[in-house]
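Take any residue in the sequence shown, note its place counting from 1, add 290, and you have its number in the numbering used here.
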Amino acid sequence: MCGIVGYVGPRDADGVLISGLRKLEYRGYDSAGVATVTDGDIEVRRAVGKLDNLVGVLADQPLAGSTGIGHTRWATHGRPSEQNAHPHRSGDVVVIHNGIIENYVPLRERLLAEGREVLSETDTEVISHLIDMEMNGGGDLLAATRAALAQLEGSFAVVAMSRHEPGRLITAKNATPVVIGVGDGENFVASDIPALLDYTRDMLFLEDGELADVSTAGVEVSTFAGKSVPRSPKRVTWDPVTAQKGGHAHFLIKEIHEQPQALIDTMRGRVAQDTGDVVLPELAALEDHIKRAERVAIVACGTAWHAGLVGKFIFERFARIPAEIDYGSEYRYRDSVLTDKDLMVVISQSGETADTLAALEVAQERGAPVVAICNVIDSSIARKADAVLYTHAGPEISVASTKAFTTQLAALYLLGLFVGRLTGRIDDALEAEAIQALVEIPNLIKRTLACEKDVER
Ligand code: GLU
C-alpha cells in the first residue's frame, strides 16, 4: 500500500523517480524498484529494504531513459524480496501496483495453464501478464490495459509501461489513490501529492473506475468502459509537510480517516459475496485442530492487548469457546497451563513485539498451534506462527493507534465467526446478523467521520 511514481518527459527518469519515492518514504515500505524504457527495451532495478539500497544498485547499474516508473512496496501478498519487489515485467510490459488483487489466485492458475511463467509470489504479477497477453506482441497499451482491468477485482493504483511505446504511461485507479502532475512537456504520476511538489503544483486527480493516458503531449482521462472524461488540473498550494498529511493537521487525523479503507482491505475477499460466509483459507491447515480446541489463549501487548480484550468476548459469543487474554510480558514468565488442546491467538501490528513472540514460542513448545494477527508481512511473528491473518491497514505513523487497532478488531471478528462456523457452535441467525453488521462498518465509519465539523463545533 505504499508509493508509486511515474514520469514521461525530457529529463532522465531515474532521478525523478528516486526523488519522488523519497518524498513518499513516510508511507513506510519494505522494498523498492524502478524501470525505464530505453532503446526499445525495458530495464528494471529492484532492491529489498531502504531506498538507499536501490540507489546503490542504480549507482552500479545506471538506468537510461526518460520514461519510467518507480515503486515502494508494503507487501500484502508474498514476502518482501527482490523477486517480489515491483516493477513486475512480463514480456513487453512492466507494471507497478498499490493495493490488493482479490481474484489473483484463479487468474494466476489460468496464466500458468496457458504456459505463462509467473516469477513472483505477488498478486500484482497477474496484471503485467494480462496486459502483455492483450498486447499480443505489439498492440496498444491503453486498449490492452483496459481489457486487463476488466478481469481484475480488488483495489489498485496501477501504472503500466510498454517497451513499444516510450513516452507513454497508462495509469488506472480503483479504491487506491492516483494523482497526475501536469507539467510543461512532461507529466507525472504518483500515489500522493508530496512526490510531485518539486516538479509541479498542477494536479489532476483520478476517480475510482478511471484511467489516464499520460504522455509528453498531455493527459487524457477516460472510464474503464472507454468513455472520455474531461478533467482539468487543480493548483495545489499545500506546503510539502501538510501534503504528507493529505491536508490534515496531523497524521493521527489522517489515519482516523483512513479507517474505512483499511477495514475494507482487511475484510476484502474474506466474506464470500454469494453466501455471506467468512472464508479464511489461511487457516486451512489448522481447521482440524480448531474443531477440537477447548480453549483460546489470546496474547498481545499494548494496543493489540486492548483488541484482545474484545477478542475474548468475540470467541465466547460466536464460538462458545472459553477464551483468556494475557499480556505478552506476563505470559512468558508465568507457568501457564496450555496444552495441545488449546489454540493461541497472538496479535501484533508490527509482528516484532518481543514479549508476544516469546509467548508464541511457549505455546508451540507445549503443542498448541498459534494463529497470528499481524499487519506486517513476513515479520518475525508472522514467520513463526502456524497461520497468519494479515490486517491490511498499511503503515501507521501516529503513535496513538487508530486503523491498526480497528483492523485488528475486524480480523478478530472474522476469526471468531470462522471458528464458530467451523465448530458448528454459532447460531445461523446470529452469524448472519454479525456478518451483515461487520460489512456495514466501513460505511458507518465514513458517515460518522462526515460529522467531524459538527462534532468540532
Ligand atoms: N499487493 C501488492 C504486493 O504485495 C502491492 C503492495 C503495495 O501496495 O505496496 O506486492
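For each residue, glycine too, the CB sits at the ideal point set by N, CA and C.
Review point. Touching or not, the region 468–480 and the region 425–432, by the rule of three or more beta carbon pairs under 8 Å?
Key: Taking a cut-off of 8 Å for Cβ pairs, the region 468–480 and the region 425–432 do not touch, as fewer than three such pairs fall below it.
Exercise for review: Quickly, what does DSSP pair Gly566 with across the bridge? List them, please.
Suggested key: The residue you call residue 566 lines up with position 276 of the sequence shown. According to DSSP, which records beta bridges pairwise, Gly566 is partnered with nothing at all.
Review point. Just to confirm, does Ala552 get its C-beta within under 8 Å of one of the non-hydrogen atoms of the ligand GLU?
Key: Along the sequence shown, read from residue 1 onward, the residue named residue 552 stands at position 262. Result no, Cβ not under 8 Å from the ligand GLU.
Review point. If you count every other CB in all the chains shown that lies within 10 Å of the CB of Gln726, and 16 or more means buried, which is it?
Key: For the purposes of this step, residue 726 is identified with residue 436 of the sequence shown, where counting begins at 1. The residue is exposed, with fewer than 16 neighbouring Cβ atoms inside 10 Å.
Practice item. Could you name the residues that DSSP lists as bridge partners for Val469? Key: As a first step, residue 469 must be located in the sequence shown, where it is residue number 179. According to DSSP, Val469 bridges with Ala480 and Phe495.
Review point. What are the partner residues of Tyr617, as DSSP defines its beta bridges?
Key: Counting from 1 along the sequence shown, the entry for residue 617 is found at position 327. Bridge partners of Tyr617: Ala590.
Check your understanding: Can you name the residues that DSSP bridges to Lys313?
Key -> Locating residue 313 in the sequence shown gives position 23, where the first residue counts as 1. The partner list for Lys313 (beta bridge, DSSP) is empty, contrary to what the question assumes.
Exercise for review: Consider the C-beta atom of Ala337 and the heavy atoms of the ligand GLU; say whether any pair is separated by less than 8 Å.
Suggested key: Position 47 of the sequence shown, counting from 1, holds the residue named residue 337. No, Cβ of Ala337 sits at least 8 Å from all heavy atoms of the ligand GLU.
Exercise for review: Ignoring anything shorter than 4 residues or poking outside the region 666–695, list the alpha helix (DSSP H) runs there in chain order.
Suggested key: 670–674
Check your understanding: For Asn733, does the three-state DSSP call read helix, strand or coil?
Key -> Taking the first residue of the sequence shown as position 1, residue 733 is located at position 443. DSSP places Asn733 in helix when its eight states are reduced to three.
Point to revise | Arg656 beta carbon near the ligand GLU (any heavy atom closer than 8 Å) | key: Counted from its first residue, the sequence shown places residue 656 at position 366. Arg656: no, Cβ never under 8 Å from the ligand GLU.
Review point. Applying the criterion that 16 or more other CB atoms from any shown protein chain within 10 Å of the CB defines a buried residue, is Ala485 buried or exposed?
Key: Within the sequence shown, numbered from 1, the residue matching residue 485 stands at position 195. Counting Cβ neighbours within 10 Å, Ala485 comes out buried, since at least 16 surround it.
Point to revise | Residue from Gln549, Asp625, Trp595 and Val635 with nearest C-alpha to Ile580 | key: Against the sequence shown, residue 580 aligns to sequence position 290. Checking every option, the nearest Cα to that of Ile580 belongs to Val635.
Review point. Contact check, Pro377 vs Ala325 under 8 Å by CB: the rounded distance?
Key: Against the sequence shown, residue 377 aligns to sequence position 87. Against the sequence shown, residue 325 aligns to sequence position 35. About 4 Å separates the two Cβ atoms, so the contact holds.
Exercise for review: Enumerate, from N- to C-terminal direction, the unbroken alpha helix (DSSP H) stretches of 4 or more residues contained entirely within the region 319–351.
Suggested key: 341–350
**Study point:** Contact between the region 725–743 and the region 586–601 (3+ Cβ pairs under 8 Å)
**Key:** Contact fails between the region 725–743 and the region 586–601, because fewer than three Cβ pairs, one in each stretch, are under 8 Å apart.
Review point. At which residues does the alpha helix (DSSP H) containing Tyr394 begin and terminate?
Key: As a position in the sequence shown, residue 394 is number 104, starting the count at 1. Taken as a continuous stretch (DSSP letters only), the alpha helix (DSSP H) holding Tyr394 covers Tyr394 to Ala403.
Check your understanding: Using a Cβ-Cβ distance under 9 Å, would Arg715 count as near chain B?
Key -> Here chain B cannot be found, since the structure has a single protein chain.
Review point. Just the Cα atoms here: how many angstroms apart are Gly323 and His419?
Key: As a first step, residue 323 is located in the sequence shown; it is residue number 33 there, counting from the start. As a first step, residue 419 is located in the sequence shown; it is residue number 129 there, counting from the start. Roughly 18 Å between the two C-alpha positions.
Check your understanding: Does the distance from the C-beta atom of Val561 to that of Arg453 stay below 9 Å?
Key -> Within the sequence shown, the letter at position 271 stands for residue 561. Within the sequence shown, the letter at position 163 stands for residue 453. Contact: no.
Check your understanding: Can we count Cys292 as close to the ligand GLU, meaning its CB is less than 8 Å from some heavy atom?
Key -> As a working note, residue 292 is residue 2 in the sequence shown. Yes - the ligand GLU has a heavy atom lying nearer than 8 Å to the Cβ of Cys292.
Review point. Is the region 524–544 in contact with the region 632–647, if contact means three or more CB pairs nearer than 8 Å?
Key: no
Practice item. Label Ala403 either buried or exposed according to how many other C-beta atoms from any shown protein chain fall within 10 Å of its C-beta, with 16 as the threshold for buried. Key: The residue labelled residue 403 in the question sits at position 113 within the sequence shown. Burial call: exposed.
Point to revise | Enclosing alpha helix (DSSP H) for Phe446 [first to last residue] | key: Along the sequence shown, read from residue 1 onward, the residue named residue 446 stands at position 156. Element bounds for Phe446: not the alpha helix (DSSP H) but the beta strand (DSSP E), Gly444 to Ser452.
Check your understanding: Which first and last residues belong to the beta strand (DSSP E) in which Glu510 is found?
Key -> Counted from its first residue, the sequence shown places residue 510 at position 220. Run containing Glu510: Gly508 to Thr513, per the beta strand (DSSP E) assignment.
Exercise for review: Give the secondary structure of Ile716 by DSSP, where H, G and I count as helix, E and B as strand, and everything else as coil.
Suggested key: The residue labelled residue 716 in the question sits at position 426 within the sequence shown. In the structure shown, Ile716 falls within a coil segment according to DSSP collapsed to helix, strand and coil.
**Study point:** From Gly330, Pro396 and Ile390, residue whose alpha carbon lies closest to that of Arg458
**Key:** Mapped onto the sequence shown, residue 458 falls at position 168. Out of Gly330, Pro396 and Ile390, Gly330 has the C-alpha closest to the C-alpha of Arg458.
Check your understanding: Grouping DSSP H, G and I as helix and E and B as strand, with all else coil, what is Glu642?
Key -> Here residue 642 is taken as the residue at index 352 of the sequence shown, counted from 1. Looking at Glu642 - three-state DSSP - the assignment turns out to be coil, as it is neither helix nor strand.
Review point. Since Ala662 sits in a beta bridge, which residues does DSSP pair it with?
Key: As a position in the sequence shown, residue 662 is number 372, starting the count at 1. Partner(s): Val636 and Val678.
Exercise for review: Look up Gly293 in the DSSP assignment and give the residues it is bridged to.
Suggested key: Here residue 293 is taken as the residue at index 3 of the sequence shown, counted from 1. Answer is Thr362.
Check your understanding: Does the Cβ-Cβ distance between Ile359 and Val295 come in under 9 Å?
Key -> Along the sequence shown, read from residue 1 onward, the residue named residue 359 stands at position 69. Along the sequence shown, read from residue 1 onward, the residue named residue 295 stands at position 5. Their beta carbons are under 9 Å apart, which means Ile359 touches Val295 by this criterion.
Exercise for review: For Thr527, count neighbouring C-beta atoms within 10 Å of its own C-beta (all shown protein chains included) and say buried if the count is 16 or more, exposed if not.
Suggested key: As a first step, residue 527 is located in the sequence shown; it is residue number 237 there, counting from the start. Under this definition Thr527 is an exposed residue.
Review point. Got a sec? Which residues, its chain only, sit under 6 Å from Glu411 by beta carbon, not counting five neighbours each side?
Key: Within the sequence shown, residue 411 is the residue found at index 121, counting from 1. Gly368 and Asn374.
Exercise for review: Would you mind working out which of Thr646, Ile716, Tyr319 and Gly475 sits nearest Val666, comparing C-alpha positions?
Suggested key: Here residue 666 refers to the residue found at position 376 of the sequence shown. It is Tyr319.
Exercise for review: Would you check whether the ligand GLU has a heavy atom nearer than 8 Å to the C-beta of Trp364?
Suggested key: Working through the sequence shown from its first residue, we reach residue 364 at position 74. Flag set: Cβ of Trp364 near the ligand GLU.
Check your understanding: Mapping DSSP to helix, strand and coil, what is Arg379?
Key -> As a position in the sequence shown, residue 379 is number 89, starting the count at 1. Three-state result, Arg379: strand.
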